[in-house]
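In this note's numbering, the protein residues as written are 32 to 466.
What follows is the structure, encoded as C-alpha coordinates:
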(Lines of atoms letter the chains of each structure in order from A and count residues from 1; the text may use other names and numbers.)
(Lines give C-alpha, C1' and ligand atoms only; values in the text may rest on other atoms or scores of the structure.)
Protein backbone atom coordinates (compact mmCIF):
# COMPACT_ATOMS: atom_id res chain seq x y z
CA UNK A 1 0.00 0.00 0.00
CA UNK A 2 1.17 3.54 -0.83
CA UNK A 3 0.31 6.91 0.60
CA UNK A 4 -0.11 10.22 -1.15
CA UNK A 5 0.22 13.48 0.77
CA UNK A 6 -1.17 16.81 -0.34
CA UNK A 7 -1.31 20.42 0.78
CA UNK A 8 -3.23 23.49 -0.32
CA UNK A 9 -1.32 26.77 -0.22
CA UNK A 10 -2.22 30.34 -1.14
CA UNK A 11 0.20 33.28 -1.21
CA UNK A 12 2.74 31.35 0.85
CA UNK A 13 0.23 30.21 3.48
CA UNK A 14 -0.90 26.60 4.03
CA UNK A 15 -4.69 26.38 4.11
CA UNK A 16 -5.24 22.61 4.25
CA UNK A 17 -3.42 19.29 4.15
CA UNK A 18 -4.39 15.64 3.76
CA UNK A 19 -3.26 12.07 3.13
CA UNK A 20 -4.75 9.27 1.04
CA UNK A 21 -3.84 5.58 1.03
CA UNK A 22 -4.13 3.79 -2.28
CA UNK A 23 -3.20 0.62 -4.11
CA UNK A 24 -2.22 0.21 -7.77
CA UNK A 25 -2.28 3.35 -9.90
CA UNK A 26 -4.65 5.06 -7.46
CA UNK A 27 -6.26 7.51 -9.85
CA UNK A 28 -9.59 7.70 -8.01
CA UNK A 29 -8.00 8.08 -4.59
CA UNK A 30 -5.65 10.81 -5.80
CA UNK A 31 -8.53 12.65 -7.44
CA UNK A 32 -10.49 12.40 -4.19
CA UNK A 33 -7.56 13.87 -2.25
CA UNK A 34 -7.28 16.80 -4.65
CA UNK A 35 -10.99 17.51 -4.41
CA UNK A 36 -10.93 17.46 -0.59
CA UNK A 37 -8.08 19.95 -0.57
CA UNK A 38 -9.69 22.14 -3.24
CA UNK A 39 -12.83 22.37 -1.10
CA UNK A 40 -10.81 24.47 1.38
CA UNK A 41 -9.68 26.95 -1.28
CA UNK A 42 -11.22 30.45 -1.24
CA UNK A 43 -11.20 30.37 -5.06
CA UNK A 44 -10.66 27.98 -7.95
CA UNK A 45 -7.30 26.21 -7.66
CA UNK A 46 -4.97 27.55 -10.36
CA UNK A 47 -2.22 24.91 -10.24
CA UNK A 48 -1.36 21.44 -8.93
CA UNK A 49 2.29 20.49 -8.41
CA UNK A 50 3.22 16.80 -8.28
CA UNK A 51 6.35 15.33 -6.73
CA UNK A 52 7.05 12.21 -8.82
CA UNK A 53 10.74 11.91 -8.01
CA UNK A 54 10.35 8.62 -6.11
CA UNK A 55 8.66 7.05 -9.15
CA UNK A 56 11.34 8.32 -11.54
CA UNK A 57 14.17 7.12 -9.33
CA UNK A 58 12.57 3.70 -8.83
CA UNK A 59 12.17 3.30 -12.59
CA UNK A 60 15.87 4.08 -13.10
CA UNK A 61 17.02 1.66 -10.42
CA UNK A 62 14.80 -1.20 -11.53
CA UNK A 63 14.87 -0.53 -15.26
CA UNK A 64 11.11 -1.10 -15.28
CA UNK A 65 9.08 0.64 -17.97
CA UNK A 66 12.14 2.27 -19.55
CA UNK A 67 13.60 1.73 -22.99
CA UNK A 68 17.12 0.67 -24.03
CA UNK A 69 19.40 3.59 -24.83
CA UNK A 70 22.37 3.87 -27.17
CA UNK A 71 25.07 6.48 -26.51
CA UNK A 72 27.51 8.22 -28.84
CA UNK A 73 30.36 10.35 -27.50
CA UNK A 74 32.02 12.91 -29.74
CA UNK A 75 35.65 13.34 -28.64
CA UNK A 76 38.78 14.83 -30.26
CA UNK A 77 40.69 11.59 -29.59
CA UNK A 78 39.94 8.05 -28.47
CA UNK A 79 39.47 7.77 -24.69
CA UNK A 80 41.61 5.50 -22.53
CA UNK A 81 38.46 4.03 -20.98
CA UNK A 82 35.20 3.69 -22.89
CA UNK A 83 32.79 2.98 -20.04
CA UNK A 84 30.92 5.61 -18.05
CA UNK A 85 32.22 6.14 -14.48
CA UNK A 86 28.75 5.90 -12.89
CA UNK A 87 27.42 2.39 -12.41
CA UNK A 88 23.77 3.35 -12.92
CA UNK A 89 24.54 5.04 -16.24
CA UNK A 90 26.48 2.01 -17.42
CA UNK A 91 23.45 -0.16 -16.64
CA UNK A 92 21.17 2.12 -18.68
CA UNK A 93 23.37 2.19 -21.81
CA UNK A 94 22.92 -0.94 -23.92
CA UNK A 95 25.07 0.20 -26.85
CA UNK A 96 27.84 2.83 -27.09
CA UNK A 97 30.40 4.20 -29.53
CA UNK A 98 32.87 7.07 -29.90
CA UNK A 99 33.39 9.28 -32.97
CA UNK A 100 35.93 12.00 -33.68
CA UNK A 101 34.97 15.64 -33.20
CA UNK A 102 34.25 18.14 -30.44
CA UNK A 103 34.99 21.70 -29.33
CA UNK A 104 36.78 23.29 -26.42
CA UNK A 105 34.98 25.04 -23.60
CA UNK A 106 34.97 28.35 -25.53
CA UNK A 107 33.46 26.83 -28.68
CA UNK A 108 36.60 26.45 -30.82
CA UNK A 109 36.68 23.22 -32.83
CA UNK A 110 39.24 20.75 -31.48
CA UNK A 111 38.77 18.14 -34.21
CA UNK A 112 36.59 17.97 -37.35
CA UNK A 113 33.49 15.84 -36.98
CA UNK A 114 33.73 12.48 -38.74
CA UNK A 115 30.10 12.48 -39.78
CA UNK A 116 30.36 9.39 -42.00
CA UNK A 117 31.80 7.34 -39.14
CA UNK A 118 29.03 8.65 -36.90
CA UNK A 119 26.35 7.55 -39.38
CA UNK A 120 27.94 4.13 -39.78
CA UNK A 121 27.85 3.64 -36.02
CA UNK A 122 24.27 4.88 -35.80
CA UNK A 123 23.36 2.32 -38.46
CA UNK A 124 24.98 -0.40 -36.33
CA UNK A 125 22.99 0.72 -33.28
CA UNK A 126 19.79 0.78 -35.31
CA UNK A 127 20.44 -2.75 -36.55
CA UNK A 128 20.72 -3.88 -32.92
CA UNK A 129 17.28 -2.49 -32.14
CA UNK A 130 18.23 0.88 -30.61
CA UNK A 131 15.48 3.47 -31.13
CA UNK A 132 16.62 6.07 -28.60
CA UNK A 133 20.12 7.52 -28.96
CA UNK A 134 22.04 10.08 -26.90
CA UNK A 135 24.75 12.24 -28.44
CA UNK A 136 27.21 13.94 -26.09
CA UNK A 137 30.01 16.03 -27.58
CA UNK A 138 33.02 17.59 -25.90
CA UNK A 139 32.45 21.33 -25.52
CA UNK A 140 28.80 21.17 -26.60
CA UNK A 141 27.96 23.87 -24.03
CA UNK A 142 30.25 26.20 -26.00
CA UNK A 143 29.22 24.99 -29.46
CA UNK A 144 26.45 22.53 -30.28
CA UNK A 145 27.43 22.32 -33.95
CA UNK A 146 28.63 18.70 -33.95
CA UNK A 147 25.71 17.36 -31.93
CA UNK A 148 23.27 19.15 -34.21
CA UNK A 149 25.03 17.89 -37.34
CA UNK A 150 24.68 14.28 -36.21
CA UNK A 151 21.04 14.80 -35.23
CA UNK A 152 20.26 16.38 -38.61
CA UNK A 153 21.69 13.50 -40.63
CA UNK A 154 20.09 10.90 -38.37
CA UNK A 155 16.69 12.54 -38.88
CA UNK A 156 17.15 12.18 -42.64
CA UNK A 157 18.31 8.56 -42.69
CA UNK A 158 16.62 7.09 -39.58
CA UNK A 159 13.43 9.11 -39.08
CA UNK A 160 12.07 6.78 -36.39
CA UNK A 161 15.23 7.03 -34.26
CA UNK A 162 14.85 9.45 -31.36
CA UNK A 163 18.00 11.50 -30.66
CA UNK A 164 18.71 13.34 -27.39
CA UNK A 165 21.45 15.99 -27.45
CA UNK A 166 23.48 16.89 -24.37
CA UNK A 167 23.66 20.65 -24.98
CA UNK A 168 19.88 20.79 -24.51
CA UNK A 169 20.22 19.81 -20.83
CA UNK A 170 22.94 22.42 -20.12
CA UNK A 171 25.97 22.08 -17.88
CA UNK A 172 29.70 22.05 -18.53
CA UNK A 173 31.16 18.68 -17.59
CA UNK A 174 31.16 15.97 -20.27
CA UNK A 175 30.57 13.14 -17.77
CA UNK A 176 27.77 14.96 -15.92
CA UNK A 177 26.15 16.15 -19.14
CA UNK A 178 26.18 12.64 -20.61
CA UNK A 179 24.76 11.19 -17.39
CA UNK A 180 21.89 13.69 -17.46
CA UNK A 181 21.35 13.07 -21.17
CA UNK A 182 21.13 9.29 -20.63
CA UNK A 183 18.77 9.65 -17.67
CA UNK A 184 16.49 11.87 -19.76
CA UNK A 185 16.51 9.48 -22.70
CA UNK A 186 15.84 6.46 -20.49
CA UNK A 187 12.84 8.08 -18.81
CA UNK A 188 11.14 9.65 -21.84
CA UNK A 189 8.47 7.00 -22.43
CA UNK A 190 7.99 6.30 -18.71
CA UNK A 191 7.61 10.01 -18.01
CA UNK A 192 5.18 10.48 -20.90
CA UNK A 193 2.80 7.97 -19.33
CA UNK A 194 3.31 9.35 -15.82
CA UNK A 195 2.68 12.95 -16.87
CA UNK A 196 -0.44 11.92 -18.79
CA UNK A 197 -1.84 10.25 -15.65
CA UNK A 198 -1.12 13.30 -13.51
CA UNK A 199 -2.72 15.61 -16.08
CA UNK A 200 -5.87 13.47 -16.18
CA UNK A 201 -6.17 13.50 -12.39
CA UNK A 202 -5.50 17.26 -12.25
CA UNK A 203 -8.21 17.84 -14.85
CA UNK A 204 -10.85 16.41 -12.47
CA UNK A 205 -10.73 19.74 -10.61
CA UNK A 206 -12.70 22.74 -11.80
CA UNK A 207 -10.78 25.03 -14.10
CA UNK A 208 -8.92 22.84 -14.75
CA UNK A 209 -5.72 23.90 -12.95
CA UNK A 210 -2.28 23.89 -14.54
CA UNK A 211 -0.32 20.68 -14.03
CA UNK A 212 3.24 21.17 -12.69
CA UNK A 213 6.01 18.99 -11.31
CA UNK A 214 8.44 19.57 -8.44
CA UNK A 215 12.14 19.73 -9.32
CA UNK A 216 15.35 18.85 -7.54
CA UNK A 217 16.20 22.51 -6.90
CA UNK A 218 13.01 23.26 -4.97
CA UNK A 219 11.18 24.75 -7.94
CA UNK A 220 8.74 23.35 -10.46
CA UNK A 221 8.41 22.82 -14.22
CA UNK A 222 5.47 22.46 -16.55
CA UNK A 223 4.21 19.09 -17.75
CA UNK A 224 5.61 19.85 -21.20
CA UNK A 225 9.07 20.57 -19.79
CA UNK A 226 9.17 17.44 -17.65
CA UNK A 227 8.27 15.36 -20.69
CA UNK A 228 11.39 16.61 -22.48
CA UNK A 229 13.76 16.78 -19.47
CA UNK A 230 12.63 14.15 -16.92
CA UNK A 231 15.90 14.54 -14.98
CA UNK A 232 14.57 17.83 -13.60
CA UNK A 233 12.11 15.79 -11.51
CA UNK A 234 14.80 13.66 -9.86
CA UNK A 235 15.64 14.36 -6.17
CA UNK A 236 12.69 16.73 -5.75
CA UNK A 237 11.47 15.32 -2.43
CA UNK A 238 14.34 16.54 -0.23
CA UNK A 239 14.31 20.02 -1.77
CA UNK A 240 10.56 20.34 -1.30
CA UNK A 241 10.85 19.14 2.31
CA UNK A 242 13.44 21.83 3.07
CA UNK A 243 11.09 24.49 1.73
CA UNK A 244 8.11 23.04 3.57
CA UNK A 245 9.91 22.84 6.91
CA UNK A 246 11.26 26.39 6.62
CA UNK A 247 7.79 27.73 5.81
CA UNK A 248 5.93 25.89 8.57
CA UNK A 249 8.57 26.71 11.20
CA UNK A 250 8.73 30.33 9.99
CA UNK A 251 12.52 30.07 9.69
CA UNK A 252 13.28 31.15 6.09
CA UNK A 253 17.04 31.56 6.68
CA UNK A 254 19.27 28.98 8.31
CA UNK A 255 19.81 25.25 8.70
CA UNK A 256 16.97 22.79 8.25
CA UNK A 257 17.19 19.37 9.90
CA UNK A 258 14.95 16.56 8.64
CA UNK A 259 14.66 13.29 10.54
CA UNK A 260 13.81 9.71 9.68
CA UNK A 261 13.97 6.53 11.76
CA UNK A 262 17.62 5.86 10.91
CA UNK A 263 19.14 9.07 9.56
CA UNK A 264 19.32 12.85 9.77
CA UNK A 265 19.28 15.05 6.67
CA UNK A 266 20.76 18.51 7.00
CA UNK A 267 20.24 21.28 4.48
CA UNK A 268 20.06 25.06 4.41
CA UNK A 269 17.59 27.66 3.20
CA UNK A 270 17.93 31.31 2.30
CA UNK A 271 14.78 33.40 1.86
CA UNK A 272 12.89 30.10 1.97
CA UNK A 273 14.81 28.55 -0.93
CA UNK A 274 17.11 25.54 -0.42
CA UNK A 275 20.82 25.96 -1.02
CA UNK A 276 21.46 24.08 -4.24
CA UNK A 277 24.50 23.01 -6.23
CA UNK A 278 25.01 21.46 -9.64
CA UNK A 279 27.00 18.28 -10.29
CA UNK A 280 26.06 16.78 -6.91
CA UNK A 281 26.38 13.04 -6.30
CA UNK A 282 22.80 12.27 -5.29
CA UNK A 283 21.11 9.17 -3.91
CA UNK A 284 21.29 7.54 -7.34
CA UNK A 285 25.09 7.70 -7.19
CA UNK A 286 25.14 9.88 -10.31
CA UNK A 287 26.27 13.46 -10.83
CA UNK A 288 23.64 15.36 -12.82
CA UNK A 289 24.03 18.87 -14.21
CA UNK A 290 20.61 19.94 -12.91
CA UNK A 291 20.88 21.71 -9.52
CA UNK A 292 19.82 19.76 -6.46
CA UNK A 293 19.51 20.62 -2.79
CA UNK A 294 22.84 20.34 -0.98
CA UNK A 295 22.07 17.72 1.68
CA UNK A 296 24.32 16.11 4.29
CA UNK A 297 23.15 12.72 5.55
CA UNK A 298 24.11 11.55 9.06
CA UNK A 299 23.26 8.34 10.94
CA UNK A 300 20.69 8.80 13.69
CA UNK A 301 23.26 7.42 16.15
CA UNK A 302 25.33 10.59 15.71
CA UNK A 303 22.50 12.88 16.86
CA UNK A 304 24.24 14.00 20.08
CA UNK A 305 27.51 14.85 18.33
CA UNK A 306 25.61 16.64 15.58
CA UNK A 307 23.64 18.68 18.12
CA UNK A 308 26.86 19.79 19.82
CA UNK A 309 28.33 20.82 16.48
CA UNK A 310 25.26 22.74 15.37
CA UNK A 311 25.05 24.58 18.70
CA UNK A 312 28.37 26.26 17.89
CA UNK A 313 27.14 27.64 14.57
CA UNK A 314 25.46 30.97 14.10
CA UNK A 315 21.90 31.30 12.91
CA UNK A 316 18.60 29.65 13.76
CA UNK A 317 16.80 27.03 11.75
CA UNK A 318 14.09 24.37 11.78
CA UNK A 319 13.73 20.69 12.57
CA UNK A 320 10.98 18.51 11.15
CA UNK A 321 10.05 14.92 10.38
CA UNK A 322 10.77 13.73 6.86
CA UNK A 323 9.84 10.05 7.17
CA UNK A 324 7.52 8.13 9.49
CA UNK A 325 9.45 6.99 12.53
CA UNK A 326 11.53 10.15 12.82
CA UNK A 327 9.28 11.88 15.36
CA UNK A 328 11.25 10.91 18.46
CA UNK A 329 14.56 11.96 16.91
CA UNK A 330 13.14 15.34 15.85
CA UNK A 331 11.85 16.02 19.35
CA UNK A 332 15.18 14.99 20.84
CA UNK A 333 17.12 17.37 18.62
CA UNK A 334 14.69 20.18 19.40
CA UNK A 335 15.16 19.70 23.15
CA UNK A 336 18.93 19.76 22.79
CA UNK A 337 18.99 22.74 20.45
CA UNK A 338 16.21 24.97 21.77
CA UNK A 339 15.95 27.76 20.57
CA UNK A 340 18.47 27.16 17.72
CA UNK A 341 16.07 24.79 15.96
CA UNK A 342 12.40 25.68 15.86
CA UNK A 343 10.10 22.64 15.54
CA UNK A 344 7.72 22.23 12.64
CA UNK A 345 4.20 22.25 14.02
CA UNK A 346 1.14 20.63 12.47
CA UNK A 347 0.46 17.39 10.65
CA UNK A 348 1.08 18.61 7.09
CA UNK A 349 3.60 16.61 5.09
CA UNK A 350 6.72 18.73 4.56
CA UNK A 351 7.26 17.61 0.96
CA UNK A 352 3.65 18.31 0.04
CA UNK A 353 3.87 21.81 1.52
CA UNK A 354 7.13 22.53 -0.27
CA UNK A 355 5.69 21.37 -3.59
CA UNK A 356 2.52 23.40 -3.06
CA UNK A 357 4.44 26.68 -2.62
CA UNK A 358 7.00 25.98 -5.35
CA UNK A 359 7.42 28.29 -8.32
CA UNK A 360 9.35 28.05 -11.62
CA UNK A 361 13.15 28.19 -11.46
CA UNK A 362 15.94 28.49 -14.01
CA UNK A 363 19.71 28.21 -13.98
CA UNK A 364 22.57 28.98 -16.36
CA UNK A 365 26.16 27.73 -16.23
CA UNK A 366 28.71 29.40 -18.50
CA UNK A 367 32.45 29.95 -18.89
CA UNK A 368 33.44 33.48 -19.95
CA UNK A 369 36.52 35.65 -20.28
CA UNK A 370 36.58 39.07 -18.61
CA UNK A 371 39.54 41.48 -18.69
CA UNK A 372 38.34 43.61 -15.77
CA UNK A 373 36.07 43.54 -12.73
CA UNK A 374 33.64 45.82 -14.57
CA UNK A 375 33.54 43.49 -17.58
CA UNK A 376 32.92 40.49 -15.33
CA UNK A 377 30.10 42.30 -13.53
CA UNK A 378 28.53 43.25 -16.86
CA UNK A 379 28.61 39.64 -18.08
CA UNK A 380 27.22 38.36 -14.81
CA UNK A 381 24.38 40.90 -14.89
CA UNK A 382 23.57 39.89 -18.48
CA UNK A 383 23.43 36.20 -17.51
CA UNK A 384 21.16 37.00 -14.58
CA UNK A 385 18.84 38.84 -16.94
CA UNK A 386 18.75 35.85 -19.29
CA UNK A 387 17.91 33.50 -16.42
CA UNK A 388 15.16 35.82 -15.15
CA UNK A 389 13.69 35.86 -18.66
CA UNK A 390 13.69 32.05 -18.66
CA UNK A 391 11.72 32.01 -15.41
CA UNK A 392 9.18 34.44 -16.84
CA UNK A 393 8.87 32.33 -19.99
CA UNK A 394 8.43 29.20 -17.86
CA UNK A 395 5.31 30.53 -16.15
CA UNK A 396 6.75 32.61 -13.30
CA UNK A 397 4.38 35.16 -11.86
CA UNK A 398 4.99 38.68 -13.21
CA UNK A 399 7.23 40.90 -11.06
CA UNK A 400 8.06 38.08 -8.63
CA UNK A 401 11.28 36.85 -10.24
CA UNK A 402 14.42 37.09 -8.13
CA UNK A 403 18.05 36.05 -8.32
CA UNK A 404 18.57 33.40 -5.63
CA UNK A 405 22.26 32.80 -6.20
CA UNK A 406 24.83 34.24 -8.61
CA UNK A 407 28.47 33.14 -8.39
CA UNK A 408 31.57 33.97 -10.44
CA UNK A 409 34.39 31.48 -9.89
CA UNK A 410 37.86 32.14 -11.36
CA UNK A 411 39.26 29.25 -13.41
CA UNK A 412 42.96 29.99 -13.14
CA UNK A 413 43.92 26.69 -14.79
CA UNK A 414 42.29 27.95 -18.02
CA UNK A 415 43.70 31.47 -17.87
CA UNK A 416 43.94 34.52 -15.68
CA UNK A 417 40.77 36.14 -17.05
CA UNK A 418 38.55 33.03 -17.28
CA UNK A 419 35.53 32.62 -14.99
CA UNK A 420 32.68 30.21 -14.49
CA UNK A 421 29.37 32.01 -14.03
CA UNK A 422 26.59 30.09 -12.29
CA UNK A 423 23.22 31.79 -11.90
CA UNK A 424 20.12 30.36 -10.22
CA UNK A 425 16.85 32.29 -10.19
CA UNK A 426 13.30 31.66 -9.05
CA UNK A 427 9.91 33.24 -8.48
CA UNK A 428 8.40 34.13 -5.13
CA UNK A 429 5.11 32.36 -4.23
CA UNK A 430 3.79 35.49 -2.55
CA UNK A 431 3.78 39.22 -3.42
CA UNK A 432 6.80 41.16 -2.25
CA UNK A 433 6.00 42.91 1.00
CA UNK A 434 6.83 46.60 0.91
CA UNK A 435 7.33 48.80 3.99
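Even glycine gets a Cβ: it sits at the ideal position worked out from N, Cα and C.
Those residues which DSSP pairs with residue i across a bridge
{"i": "residue 157", "result": "Paired residue(s): none; residue 157 is not in a bridge."}
{"i": "residue 358", "result": "None; residue 358 has no bridge partner."}
{"i": "residue 348", "result": "372"}
{"i": "residue 428", "result": "In the DSSP output, where bridge partners are listed per residue, residue 428 has none listed."}
{"i": "residue 7", "result": "Absent from the structure is residue 7, since the part of the chain shown begins at 32 and ends at 466."}
{"i": "residue 74", "result": "Looking at the DSSP assignment, residue 74 forms no beta bridge with any residue, so it has no partner."}
{"i": "residue 433", "result": "457"}
{"i": "residue 446", "result": "Residue 446 is not bridged to any residue."}
{"i": "residue 296", "result": "289 and 328"}
{"i": "residue 16", "result": "There is simply no residue 16 to check, as the chain begins at 32 and stops at 466 in what is shown."}
{"i": "residue 440", "result": "451"}
{"i": "residue 301", "result": "304"}
{"i": "residue 340", "result": "For residue 340, which the question treats as bridged, DSSP gives no partner whatsoever."}
Alpha-carbon to alpha-carbon, residue j and residue i
{"i": "residue 105", "j": "residue 64", "result": "48 Å"}
{"i": "residue 124", "j": "residue 96", "result": "15 Å"}
{"i": "residue 404", "j": "residue 440", "result": "13 Å"}
{"i": "residue 139", "j": "residue 178", "result": "14 Å"}
{"i": "residue 192", "j": "residue 161", "result": "8 Å"}
{"i": "residue 62", "j": "residue 173", "result": "45 Å"}
{"i": "residue 375", "j": "residue 382", "result": "13 Å"}
{"i": "residue 315", "j": "residue 327", "result": "15 Å"}
{"i": "residue 325", "j": "residue 264", "result": "16 Å"}
{"i": "residue 469", "j": "residue 52", "result": "Residue coverage of the chain in this structure runs from 32 to 466, which leaves residue 469 outside it and unanswerable."}
{"i": "residue 402", "j": "residue 445", "result": "14 Å"}
{"i": "residue 471", "j": "residue 270", "result": "Past the boundaries of the shown model lies residue 471; the chain is included only from 32 to 466, so the question cannot be answered."}
{"i": "residue 451", "j": "residue 323", "result": "18 Å"}
{"i": "residue 256", "j": "residue 110", "result": "33 Å"}
{"i": "residue 4", "j": "residue 406", "result": "No answer is possible for residue 4: the residues shown for the chain start at 32 and end at 466."}
{"i": "residue 330", "j": "residue 79", "result": "34 Å"}
{"i": "residue 307", "j": "residue 300", "result": "9 Å"}
{"i": "residue 409", "j": "residue 116", "result": "37 Å"}
{"i": "residue 274", "j": "residue 92", "result": "27 Å"}
{"i": "residue 14", "j": "residue 202", "result": "The question about residue 14 has no answer, for the chain in this structure spans 32 to 466."}
Extent of the continuous beta strand (DSSP E) to which residue i belongs
{"i": "residue 332", "result": "Taken as a continuous stretch (DSSP letters only), residue 332 belongs to no beta strand (DSSP E), as it is neither H nor E."}
{"i": "residue 289", "result": "285-290"}
{"i": "residue 45", "result": "44-53"}
{"i": "residue 78", "result": "78-81"}
{"i": "residue 316", "result": "Element bounds for residue 316: n/a, residue is neither H nor E."}
{"i": "residue 162", "result": "Neither: residue 162 is in no beta strand (DSSP E) and is coded neither H nor E."}
{"i": "residue 196", "result": "193-196"}
Below-8 Å beta-carbon distance, residue i vs any chain B residue
{"i": "residue 301", "result": "Among the chains of the structure shown, chain B does not appear; only one protein chain is present."}
Terminal residues of the alpha helix (DSSP H) in which residue i lies
{"i": "residue 67", "result": "58-69"}
{"i": "residue 276", "result": "267-280"}
{"i": "residue 176", "result": "176-188"}
- Query: Unbroken alpha helix (DSSP H) runs of length 4 or more, entirely within the segment 385-418: which are they?
  - Reply: none
- Message: To test your reading of the DSSP string, which unbroken alpha helix (DSSP H) runs of 4 or more residues are found completely within the segment 199-256?
- Response: 205-233
- Decide if the segment 223-235 is in contact with the segment 174-190; the criterion is three or more beta carbon pairs, one per stretch, under 8 Å apart. no
- Message: Tell me whether the segment 390-400 and the segment 418-425 touch, counting them as touching only if at least three CB pairs, one residue from each stretch, are closer than 8 Å.
- Response: yes
- Message: Please give me, in chain order, every unbroken run of the beta strand (DSSP E) with length at least 3 that falls completely inside the segment 86-151.
- Response: 100-106 and 124-131
- Query: Counting Cβ pairs, one atom from each stretch, are 3 or more of them under 8 Å apart for the segment 349-365 and the segment 274-291?
  - Reply: yes
- So, do the segment 210-221 and the segment 112-132 have three or more beta carbon pairs nearer to each other than 8 Å? yes
- Query: Using 8 Å as the Cβ pair cut-off and three pairs as the minimum, do the segment 430-449 and the segment 274-285 touch?
  - Reply: no
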